[in-house]
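Read through the structure below, which is laid out as structure tokens, and then see the notes.
There are 2 protein chains.
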Amino acid sequence: MAEAPGGENLLFLTDEQLRKGIEAMFFAYRGFTADPDRILEGMNYGRAHHRAIHFIHRSPGTTVSNLLSILGVTKQSLNRVLRTLIEDGLVRSEKGKVDARERHLHLTDKGQMLERELSDAQRARMRAAYRAAGPQAVAGFRQVLEAMMDPEMRRQYNRLKEGG
Amino acid sequence: MAEAPGGENLLFLTDEQLRKGIEAMFFAYRGFTADPDRILEGMNYGRAHHRAIHFIHRSPGTTVSNLLSILGVTKQSLNRVLRTLIEDGLVRSEKGKVDARERHLHLTDKGQMLERELSDAQRARMRAAYRAAGPQAVAGFRQVLEAMMDPEMRRQYNRLKEGG
DNA sequence: CTTGGAAAGTCAACAAGGCTGACGTAAATT
DNA sequence: AATTTACGTCAGCCTTGTTGACTTTCCAAG
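These protein sequence lines are chains S and D, in that order. Note that the numbering used here numbers the first sequence so that position 100 is 100, with each residue one more than the last. All you need for the numbering used here is the position in the second sequence, starting with 1, plus 164.
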């Protein structure tokens, strides 16, 4: 067993271990999105709609520009998704009272129902994985994921974590 | 503190905890793909090319149908990617000697170079995250990801893990 | 030896969801 | 009054996924 200069065992940092982690991310992300994808296919929505719905549910009354910075897409791309959600009566958009340029976004009852269906499915998988791995593994899982984020994304993530 | 019937503390399974995990996956996956994406943008390739290159590197001589089952896309979709990689001299495709219907895929030297560049970038981020979180967290990370995969994908993942 | 079917490849058409660029409008700020 | 900000929209492009139909090659079973 190779020991690092400081006496710390760094076997978990070999290229082989890192590659396994990379492939685990790839395969796991597929599972992560599989259930919502299945629900959305057939209705006219996709993963982009799911993301918008998720974060509007998460931060009711959020503005378009706020959503833009969380999702990291262009306004044209988000707008296409948002427009269909508003037209279909899943999302309500209302002018800001303090700043009337802003649009504040909320889920309608219908939107809440779809959100519930999607997040129930996604949480069920997550719950099964968490239960199988145990609390200590879950803590490690979250630590590694957080360390993997871009600083700007970590900021967004932590704002959501606290704010909610 | 709520205790489960069995006396086990299940606080880590609350909806709130699960939601945090879901968002962590979302933001972390962005970081996970960010560096290779940056390298590929401007050359005529995308994430799909990266995936093909990764798994060909991983299992040299693999067949097209094998790659199909790992990547989980249609042959038409994979073929488009593979064709450009072959045309550009990054991948070599050769008829099978035992079964001449099969095409065995290898990276050329040029392909190896790009693979190296991409995986160096991706490993660097993974290494930083692993180092920041520590070996115990990494073990938990892998456990949860593995539990999150679809059974079929877990099979693929484990085949790669052992076979390599 | 013939034939059925698997493996691989190709063409065409389409959709989702990214992107850029340009433009318009209303409201806030300077 | 001029500029900036927030948002919406039109047009067009790219990547990467999809289905369907079709061909070629070739193994293997009858």
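A virtual CB, placed ideally from N, CA and C, is assigned to each residue, including glycine. On a predicted model such as this, the values are computed, not experimentally measured, just so you know.
Figure out for me which residue from D:ARG319, D:GLY185, D:TYR193, D:ASP263 has the closest Cα to the Cα of GLY225 of chain D.
D:ASP263
Give the interface partners of GLN156 of chain S over in chain D, defined as CB-CB distance under 8 angstroms, in chain order.
Within 8 angstroms Cβ-Cβ: PHE191.
Using 10 angstroms around the beta-carbon of ALA292 of chain D, count the other beta-carbons present and answer buried if the total reaches 16, otherwise exposed.
exposed
Does the pairing of the stretch 103-112 of chain S with the stretch 61-80 of chain S give three or more beta-carbon distances under 8 angstroms?
Judged by Cβ distances under 8 angstroms, the stretch 103-112 of chain S makes contact with the stretch 61-80 of chain S, as three or more pairs qualify.
I'd like the list of long-range same chain contacts for ILE310 of chain D, defined as Cβ closer than 8 angstroms, with 5 residues on each side in sequence excluded.
Ile is not the amino acid found at residue 310 of chain D; the sequence shown has Glu there. ARG318, TYR321, listed in sequence order.
Going along the chain, which residues of its own chain have a beta-carbon closer than 8 angstroms to the beta-carbon of ALA52 of chain S, five neighbours each way excluded?
Around ALA52 of chain S, the same chain offers LEU67, LEU71, LEU78, VAL81, LEU82, LEU85, VAL91 as residues with beta carbons nearer than 8 angstroms, after the five sequence neighbours per side are excluded.
Fully enclosed by the stretch 262-299 of chain D, which beta strand (DSSP E) runs are 3 residues long or longer?
List check, beta strand (DSSP E) in window: 267-271.
With 7 angstroms as the C-beta to C-beta threshold (strictly closer), list the residues of the stretch 52-70 of chain S near chain D in chain order.
none
Cutoff 7 angstroms; reference GLY89 of chain S; Cβ partners in own chain excluding five residues on either side:
The answer, listed in chain order, is THR108, LYS110.
Could you spell out the range, first to last residue, of the beta strand (DSSP E) harbouring VAL91 of chain S?
91-95
Selection from S:PRO135, S:SER93, S:PRO151 that minimises the alpha carbon distance to LEU177 of chain D:
In terms of Cα proximity to LEU177 of chain D, the closest of S:PRO135, S:SER93, S:PRO151 is S:PRO135.
Taking the alpha-carbon of GLN112 of chain S as reference, which of S:HIS50, S:GLY21, S:ASP15 has the nearest alpha-carbon?
GLN112 of chain S has its Cα closest to that of S:HIS50, out of S:HIS50, S:GLY21, S:ASP15.
For GLY260 of chain D, decide whether its Cβ has a neighbour in chain S, counting only Cβ atoms nearer than 7 angstroms.
no
ASN208 of chain D lies in the alpha helix (DSSP H); which residues open and close that run?
Neither: ASN208 of chain D is in no alpha helix (DSSP H) and is coded neither H nor E.
Express the C-alpha separation of GLY46 of chain S and LEU114 of chain S in angstroms, rounding to a whole number.
13 angstroms
Going by the DSSP bridge assignment, what does THR63 of chain S pair with across the sheet?
Paired residues: S:HIS104.
Give a yes or no on whether the C-beta atoms belonging to ALA296 of chain D and ASP199 of chain D are separated by under 7 angstroms.
no
Run through chain S and tell me which residues come within less than 7 angstroms of ASP201 of chain D, C-beta to C-beta.
Correct list: empty, because the minimum Cβ distance to chain S is about 12 angstroms.
Determine whether the beta carbon atoms of ALA192 of chain D and MET149 of chain S lie at a separation below 7 angstroms.
yes
Can you list, in chain order, the residues of its chain with a C-beta nearer than 6 angstroms to that of SER257 of chain D? Leave out the 5 residues immediately preceding and following it.
ILE250, ARG267, LEU269
Using a Cβ cut-off of 8 angstroms, pull out every chain D residue sitting near GLN136 of chain S, in sequence order please.
Residues of chain D passing the Cβ test: GLN300, GLY304.
Closest Cα partner of ALA212 of chain D within the set D:GLU187, D:GLY185, D:SER223, D:GLN240
With respect to the C-alpha of ALA212 of chain D, the residue from D:GLU187, D:GLY185, D:SER223, D:GLN240 having the closest C-alpha is D:GLN240.
Min CB distance GLN122 of chain S to chain D below 7 angstroms
yes
Where TYR45 of chain S meets chain D, residues with beta-carbon distance less than 9 angstroms
Residues of chain D passing the Cβ test: none, with the nearest at roughly 17 angstroms.
Thinking LYS123 of chain S and LEU282 of chain D are a contact (beta carbons under 8 angstroms), I'd like their distance in whole angstroms, please.
Position check: residue 123 of chain S holds Arg in this sequence, whereas Lys was assumed. About 33 angstroms separates the two Cβ atoms, so there is no contact after all.
State the Cα-Cα distance for the pair GLY164 of chain S and ALA139 of chain S, rounded to the nearest angstrom.
Here the model assigns GLY164 of chain S a pLDDT of 48, short of 50, so the residue's position is not dependable, and the following value carries that caveat. Cα-Cα distance, rounded: 19 angstroms.
Rounded C-alpha distance that separates LEU324 of chain D from ARG101 of chain S
53 angstroms
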